[in-house]
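Sequential numbering of the sequence shown, starting at 0, is according to numbering that gives the first Met the number 0. The C-beta atom is built at its ideal place from N, Cα and C for all residues, glycine as well. Okay, structure first, notes after.
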Amino acid sequence: MDTVEQTWVLKFYVKSFDSQAEAEFARIKYICAEHLPIDSVLEVVDLSENILEQRMQAGNPLPMLVRVEPKPGRRIFCDFTDVEQILHALGVTSPSSNPASEK
């Protein structure tokens, strides 16, 4: 099955859900609505409110988008203002001129 047809689970980790994080989340939500299956799940993890997650994610740059499903998972650190870059990092489109960094 093509990964775009599978249910996707994404987690968006932020230090705090401020106005910048809210704008980035809106772009990711748009991507989910336009490019991923309708049953995809997008969760915000605000590390300022979640001590356990904060400890688990210590050392990772933020904000960070994690593709949990479909496997293999990906941790994505990119310019969350660039929709094409996010799509590429998720593995949904071909590379753009400014590829995202992945780990």
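What's the C-alpha gap between serine 39 and leucine 64? 14 Å
Sorted by chain position, which residues of the same chain lie with C-beta nearer than 7 Å to proline 62's C-beta, five sequence neighbours on each side aside? Phe11, Tyr12, Val13, Ala20, Glu23 and Phe79
Threshold first: 4 residues or longer. Then list the alpha helix (DSSP H) segments lying entirely within the segment 28-68, N to C. If we require 4 residues or more, the alpha helix (DSSP H) runs fully inside the segment 28-68 come out as 50-55.
Using DSSP's beta-bridge definition, name the partner residues of arginine 26. In the DSSP output, where bridge partners are listed per residue, arginine 26 has none listed.
What does the alpha-carbon distance come out to for the pair alanine 88 and lysine 28? 15 Å
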